[in-house]
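Chemist: When we follow the numbering used here, the leftmost residue of the sequence shown carries the number 17, and every step to the right adds one.
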Amino acid sequence: YRNTKISSGIRTSARRTPNKISLSMGDKQVTYRNLVSRLNKVAVAGLNGLGLSKGDHVALFSSNCIEFIEIVVGLSDVGIATAMIPPSVTVPEVEHICNNSKSKVLFCHENLEDIARAANLETVKKIVVIGRDYEKLISNASDSLQDMMLEEWGVFSIPYTSGTTGKPKGCLLSHRSRVMAFYIMGVEFGCYSPDDRALALAPLFHGAGFAFALAPIFFGGTCEILPKFDPEIVLNKLK
Numbered sequence: 017y018r019n020t021k022i023s024s025g026i027r028t029s030a031r032r033t034p035n036k037i038s039l040s041m042g043d044k045q046v047t048y049r050n051l052v053s054r055l056n057k058v059a060v061a062g063l064n065g066l067g068l069s070k071g072d073h074v075a076l077f078s079s080n081c082i083e084f085i086e087i088v089v090g091l092s093d094v095g096i097a098t099a100m101i102p103p104s105v106t107v108p109e110v111e112h113i114c115n116n117s118k119s120k121v122l123f124c125h126e127n128l129e130d131i132a133r134a135a136n137l138e139t140v141k142k143i144v145v146i147g148r149d150y151e152k153l154i155s156n157a158s159d160s161l162q163d164m165m166l167e168e169w170g171v172f173s174i175p176y177t178s179g180t181t182g183k184p185k186g187c188l189l190s191h192r193s194r195v196m197a198f199y200i201m202g203v204e205f206g207c208y209s210p211d212d213r214a215l216a217l218a219p220l221f222h223g224a225g226f227a228f229a230l231a232p233i234f235f236g237g238t239c240e241i242l243p244k245f246d247p248e249i250v251l252n253k254l255k
């Protein structure tokens with residue numbers, strides 16, 4: 017038996033190929049070594065800079081970006097689960113997801129800040145803006161992370177349902193459930209290997225969209241994140 021987390025494969029890959037590109041988006045590229053450093057900084061910043069603790073929840077209101085992966089994975093390493101908010105929603109939905117998940121911090125993309133600040137947030141104590149506050153927050157944090165004993169069935173993220181028959185409901189996803197899905201895709205069906213390059217084009221706030229971006233780097237490959245689906249861009253990438 018070996019306890020595993022969603023960051024386990026990334027950290028293994030960083031030890032094996034530290035200088036390999038893990039994630040990219042546009043002109044931005046992040047090596048495995050730098051990704052692990054940033055994951056550690058996010059975790060430390062969550063505990064020390066934001067005053068969060070194991071078992072707390074945060075919310076993430078953002079379009080696709082590399083920081084999305086860093087926040088969810090980094091905080092999950094210290095037992096903090098992230099509720100994911102679709103970037104297309106309005107103020108009432110932001111209020112519902114933040115309040116329903118009892119999130120203490122809201123990370124939001126700078127393009128969505130006005131909507132986030134207009135929401136009546138009952139439990140959120142701080143809003144961290146990606147594109148302004150976020151880099152300052154993690155730059156002041158150490159990248160030395162002391163291993164925290166977490167059980168693999170602990171919750172790492174809380175994607176919400178679409179709310180077609182009522183208000184959106186949070187789905188509690190454990191490390192083990194997601195890692196087992198990775199193994200099915202990567203080992204059983206041979207979808208991913210260290211030699212593969214993947215294109216993440218689905219919304220990261222969606223459970224499957226997040227998994228399709230994370231699985232390639234869990235196995236040591238490279239994943240390029242698209243801000244949104246664009247048929248012409250996708251076809252050009254496949255040439």
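Each residue gets a CB set at the ideal place from its N, CA and C atoms; glycine is no exception.
(1) Considering just the uninterrupted stretch of the alpha helix (DSSP H) at residue 112, what are its terminal residues?
(2) Distance, Cα to Cα, residue 165 vs residue 79?
(3) At what residues does the alpha helix (DSSP H) containing residue 52 begin and finish?
(4) Starting from the Cα of residue 209, find the closest Cα among 20, 29, 19 and give me that residue.
(5) Leaving aside the five residues before and after residue 93 along the sequence, list all residues of the same chain whose C-beta is less than 6 Å from its C-beta, in chain order.
(6) Using the three-state DSSP reduction, which class does residue 28 fall into: helix, strand or coil?
(7) Shortest alpha-carbon distance to residue 138 belongs to which of 151, 114, 149, 155?
(8) Does any heavy atom of the ligand ZN sit closer than 8 Å to the C-beta of residue 177?
(9) When the distance is taken between beta carbons, is residue 40 closer than 9 Å to residue 241?
(10) Can you grab the Cα-Cα spacing for the pair residue 192 / residue 227, in whole Å?
(11) Looking at residue 37 and residue 220, is the spacing between their C-beta atoms short of 9 Å?
Modeler: Walking through what the data contain:
(1) Translated into positions along the sequence shown, residue 112 becomes position 96. Its alpha helix (DSSP H) spans residues 107-117.
(2) Position 149 of the sequence shown, counted from the start, is the residue given in the question as residue 165. Position 63 of the sequence shown, counted from the start, is the residue given in the question as residue 79. Looking at the two C-alpha atoms, the distance is approximately 31 Å.
(3) To locate residue 52, count along the sequence shown from 1; it is residue 36. 48-60 is the extent of the alpha helix (DSSP H) around residue 52.
(4) Looking up residue 209 in the sequence shown gives position 193. Among 20, 29, 19, the Cα nearest to that of residue 209 is on 29.
(5) Residue numbering aside, residue 93 sits at position 77 when the sequence shown is read from its first letter. Cβ within range, chain order: 23, 59.
(6) Position 12 of the sequence shown, counted from the start, is the residue given in the question as residue 28. It is helical.
(7) Within the sequence shown, the letter at position 122 stands for residue 138. Selection 151, 114, 149, 155 evaluated against residue 138 yields 114 as nearest (Cα-Cα).
(8) Absent from the structure shown: the ligand ZN. Ligands present: none.
(9) Walking along the sequence shown from the start, residue 241 turns up at place 225. Walking along the sequence shown from the start, residue 40 turns up at place 24. In contact: residue 241 and residue 40 (Cβ atoms closer than 9 Å).
(10) Counting from 1 along the sequence shown, the entry for residue 192 is found at position 176. Counting from 1 along the sequence shown, the entry for residue 227 is found at position 211. Looking at the two C-alpha atoms, the distance is approximately 13 Å.
(11) The count along the sequence shown starts at 1 and reaches residue 220 at position 204. The count along the sequence shown starts at 1 and reaches residue 37 at position 21. For residue 220 and residue 37, no; Cβs fall outside 9 Å.
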